[in-house]
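Trainee: Here it is: the structure, laid out below.
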């Protein structure tokens with residue numbers, strides 16, 4: 540059994556993978572916000588009852604010191620070296636658009652690989668985490684580049700932190716906001732949805748074809764109602780990491 544880890548800016552998510560790529564191949568594990576918790580204690584509880592593990596694969600966007608901490612915990616718990624995925628120039632049917640491939644967040648690369656594996660087509664992949672990433676992928680697996688903008692939650696925090704007498708804690712989504720709280724809350728969603736739709740429109744004009752829109756990430760629920768013809772996808776990074784574990788990438 541393989542242990543897969545998605546170590547994001549905000550959340551630590553893990554799952555188990557038996558090595559066979561099929562529907563339901565991932566066994567759900569756990570997820571927790573890691574910013575204000577001791578990783579050692581959290582993983583001791585999370586991983587207490589795991590079956591025998593023969594490999595650990597990690598997709599990480601955190602600082603090297605935090606990766607080192609995880610590597611130490613994996614070695615102590617399983618007697619294994621954690622294998623950290625890094626974005627290559629090409630692998631898993633996807634060609635990285637970045638001139639310096641490793642600078643593309645590995646979470647973005649793996650999510651693109653998972654989306655392409657499920658349905659090779661012209662598509663936009665929007666992932667709502669701490670940041671909102673929006674990537675374009677052609678049907679042949681060519682990554683065409685993407686945007687990084689603040690997520691709606693991060694936008695709201697920035698507005699509150701940068702202004703006086705503004706507090707969005709009680710804000711709600713409104714088509715026509717009539718209070719400051721609702722204006723901040725709704726404005727962040729409008730901005731994020733507008734970025735996604737403008738990006739999709741540019742892609743469709745370039746190819747003169749309709750592009751699918753795939754939405755994932757922990758902040759998707761509040762954004763989904765504002766987007767047209769959107770498909771929800773869950774745990775794309777972990778599914779991409781399962782592909783990575785299955786096939787050796789070619790850089």
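Residue numbers (our numbering): 540 to 790. Yeah, the Cβ is synthetic: ideal placement off N, Cα and C, and Gly gets one too.
(1) So is residue 783 buried or exposed if we call it buried at 16+ other beta carbons inside 10 Å?
(2) Within 10 angstroms of its Cβ, does residue 690 collect 16 or more other Cβ (buried), or is it exposed?
(3) If you draw a straight line from the C-alpha of residue 685 to the C-alpha of residue 758, how long is it?
(4) With respect to the alpha helix (DSSP H) encompassing residue 584, which residues constitute its N-terminal and C-terminal limits?
(5) Pull up the distance between the alpha-carbon of residue 648 and that of residue 696, whole angstroms please.
(6) With DSSP collapsed to three states, give me the class of residue 735.
(7) Nearest-angstrom Cα distance between residue 517 and residue 781?
(8) Determine the burial state of residue 618: buried for a count of at least 16 other Cβ atoms within 10 Å of its Cβ, exposed for fewer.
(9) Using the Cβ count rule (16 or more neighbours within 10 Å means buried), how would you classify residue 495?
(10) Would you call the stretch 664-682 in contact with the stretch 748-766, where contact means no fewer than 3 C-beta pairs closer than 8 Å?
(11) Would a C-beta distance cut-off of 8 Å place residue 776 and residue 574 closer than the cut-off?
(12) Cβ of residue 682 within 8 Å of Cβ of residue 634?
(13) Restricting to Cα atoms, I'd like to know which of 592, 706, 596 and 734 is closest to residue 674.
(14) Can you find the residues in the same chain that come closer than 8 Å, C-beta to C-beta, to residue 593, ignoring five residues on each side of it along the sequence?
Mentor: Put simply:
(1) Along the chain shown, one-based indexing puts residue 783 at 244. Label assigned to residue 783: buried.
(2) On the chain shown, position 151 is the one that residue 690 refers to. Its Cβ being crowded by 16 or more others within 10 Å, residue 690 is buried.
(3) If you number the chain shown from 1, residue 685 lands on position 146. If you number the chain shown from 1, residue 758 lands on position 219. Distance from the CA atom of residue 685 to the CA atom of residue 758, rounded to whole angstroms, is 18 Å.
(4) Residue 584 sits at position 45 when you count from the first residue of the chain shown. Note, residue 584: alpha helix (DSSP H), 578-585.
(5) Here residue 648 refers to the residue found at position 109 when the chain shown is read from its first residue. Here residue 696 refers to the residue found at position 157 when the chain shown is read from its first residue. If I take the Cα positions, the gap works out to 27 Å.
(6) Taking the first residue of the chain shown as 1, we reach residue 735 at position 196. Residue 735: helix per DSSP, three-state reduction.
(7) In the structure as shown, the chain begins at 540 and stops at 790. Residue 517 is therefore absent and cannot be evaluated.
(8) Position 79 of the chain shown, counted from the start, is the residue given in the question as residue 618. Exposed, by the Cβ-count rule.
(9) Nothing can be reported for residue 495, as the shown portion of the chain is limited to 540 through 790.
(10) yes
(11) If you number the chain shown from 1, residue 776 lands on position 237. If you number the chain shown from 1, residue 574 lands on position 35. Taking the C-beta atoms as reference points, residue 574 is found no nearer than 8 Å to residue 776.
(12) Position 143 of the chain shown, counted from the start, is the residue given in the question as residue 682. Position 95 of the chain shown, counted from the start, is the residue given in the question as residue 634. Contact: yes.
(13) By 1-based counting over the chain shown, the position of residue 674 is 135. Nearest option by C-alpha distance: 734.
(14) In the chain shown, residue 593 corresponds to position 54, counting from 1. Closer than 8 Å at the Cβ level, and outside the excluded window around residue 593, lie 540, 541 and 619.
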